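As structure tokens, the structure follows; a few thoughts come after it.
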Amino acid sequence: MRPVFVYKADPQRGRQWAEIFRREAPEIDFRLWPEVGDAADVRFLAAWEPPADLATRFPNLQLLLSTGAGVDQFDFAVLPPDLPVVRMVEPGIVQGMVEYVTHAVLDLHRDMPAYRRAQQQRQWQVIPVRPASERRIGVLGLGSLGHAVLDRLVSFGFDCAGWSRSRHDVAGVRCHAGADELDGFLARSEILVCLLPLTDATRGFLNAALFAKLPRGASLVHVGRGPHLVTHDLLQALDEGHLAEAVLDVTDPEPLPPDHALWPHPRVRLTPHIASMTQPQTAARVAIDNLRRFERGETLIGLVDRTRGY
Ligand code: NDP
Ligand code: OXD
Numbered sequence: 001m002r003p004v005f006v007y008k009a010d011p012q013r014g015r016q017w018a019e020i021f022r023r024e025a026p027e028i029d030f031r032l033w034p035e036v037g038d039a040a041d042v043r044f045l046a047a048w049e050p051p052a053d054l055a056t057r058f059p060n061l062q063l064l065l066s067t068g069a070g071v072d073q074f075d076f077a078v079l080p081p082d083l084p085v086v087r088m089v090e091p092g093i094v095q096g097m098v099e100y101v102t103h104a105v106l107d108l109h110r111d112m113p114a115y116r117r118a119q120q121q122r123q124w125q126v127i128p129v130r131p132a133s134e135r136r137i138g139v140l141g142l143g144s145l146g147h148a149v150l151d152r153l154v155s156f157g158f159d160c161a162g163w164s165r166s167r168h169d170v171a172g173v174r175c176h177a178g179a180d181e182l183d184g185f186l187a188r189s190e191i192l193v194c195l196l197p198l199t200d201a202t203r204g205f206l207n208a209a210l211f212a213k214l215p216r217g218a219s220l221v222h223v224g225r226g227p228h229l230v231t232h233d234l235l236q237a238l239d240e241g242h243l244a245e246a247v248l249d250v251t252d253p254e255p256l257p258p259d260h261a262l263w264p265h266p267r268v269r270l271t272p273h274i275a276s277m278t279q280p281q282t283a284a285r286v287a288i289d290n291l292r293r294f295e296r297g298e299t300l301i302g303l304v305d306r307t308r309g310y
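Note that my numbering has the sequence shown beginning at 1, numbered continuously upward.
If you want it as structure tokens, here you go:
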């Protein structure tokens with residue numbers, strides 16, 4: 001019997017996954033939720049949100065794949081403790097994030113928010129151009145996305161730094177590691193990009209204490225998860241002029257209610273969690289590769305360390 005793989009996320013994208021599996025992995029029996037057949041046959045599940053009763057519904061599940069890069073939407077407490085979980089590490093997500101962050105950083109670097117406001121006032125107002133080499137960018141999180149974003153920002157000549165839990169080595173980037181090196185990293189970050197995963201250690205990380213350590217006039221590009229950010233603290237830092245601008249792709253809650261204070265704020269730009277999206281053409285192939293690795297007993301790409309939460 002062929003191993004059964006169930007896809008439980010956006011059905012339209014699921015149909016694209018189905019087509020790729022049919023063509024490129026005929027050894028796998030692809031099923032699109034909710035048409036899963038006999039649930040006892042299911043060995044692999046790819047989901048954005050797994051069913052709450054996953055452990056009893058799929059008693060023979062051997063591998064859970066997140067259809068996104070993040071896994072904070074999973075409640076690890078209800079997953080079988082030995083079930084391996086992999087997150088999505090695929091070129092489509094990386095490319096989308098590189099585009100979004102590069103766009104946001106260039107927009108801030110070239111003072112476009114100020115020019116948009118000047119245009120509304122019909123003011124012909126020139127701001128001196130600073131060379132990219134003098135603009136200090138800091139990226140929180142040096143994972144698959146942080147690395148790719150920094151590679152691109154370095155290519156523009158920006159003065160780049162990164163911060164992560166463990167020590168990394170990224171060409172052209174000053175890499176900082178751990179709590180001891182956070183303050184030095186923040187003190188030099190004129191544009192701070194958040195690409196951290198949401199875990200117990202990073203919830204509420206973007207708060208007043210952190211903002212106070214950034215240079216006056218710094219800006220934030222937040223593409224991690226809404227609950228990283230203490231929204232009240234951000235609004236206060238913007239209103240006091242300590243922070244200049246915020247570009248937010250993620251909010252808490254999502255969707256943001258129409259009466260939320262972030263919507264009308266003149267220094268905030270919002271997008272509805274679209275910085276990057278899993279691309280079926282590339283993601284399905286990464287999933288197939290992981291299923292084959294699993295069958296061969298090889299290391300899985302994007303295996304989540306449950307103790308760290310990412
Ligand atoms: P990775 O797991 O590859 O990288 C996470 C990075 O964060 C690692 O460098 C890790 O450090 C660092 N990190 C984690 N916890 C801490 C901590 N407590 N202190 C310091 N550093 C820490 O993730 P990705 O790069 O693939 O993705 C990052 C996040 O981007 C996702 O979790 C998701 O939340 C978000 N995302 C947002 C999207 C959007 O559209 N807005 C789309 C896709 C992802 P170390 O290397 O030392 O382990
Ligand atoms: C993801 C996301 O985690 O889209 O992939 O946010």
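For each residue, glycine too, the CB sits at the ideal point set by N, CA and C.
All of these numbers come straight from a predicted model, not from anything done at the bench.
For E19, the uninterrupted alpha helix (DSSP H) segment begins and ends at 11 to 24. For V129, no beta strand (DSSP E) run applies, since DSSP gives it neither H nor E. Contact between the segment 70 to 80 and the segment 93 to 103 is not established, with fewer than three Cβ pairs separated by less than 8 Å. DSSP places S155 in the helix class (H, G or I) of the three-state scheme. DSSP places V230 in no alpha helix (DSSP H); its state is neither H nor E.
Secondary structure at H103: helix, using DSSP grouped into helix, strand and coil. Your pair F158 and I137 checks out as a contact, with CB atoms roughly 5 Å apart and the cut at 8 Å. With a cutoff of 9 Å on beta-carbon distance, A218 and L192 are scored as near each other. Here the alpha carbon of H103 sits roughly 36 Å from the alpha carbon of R23. Beta-bridge analysis with DSSP links K213 to no other residue.
If you draw a straight line from the Cα of R267 to the Cα of L238, it is about 7 Å long. It is roughly 18 Å from the alpha-carbon of R296 to the alpha-carbon of D29.
In this structure, P11 lies away from L45, with their beta-carbon atoms at least 9 Å apart. Looking at the backbone, the Cα of E90 and that of Q121 are separated by about 44 Å. The Cβ neighbour count for W163, taken over all protein chains shown within 10 Å, is at least 16; the residue is labelled buried.
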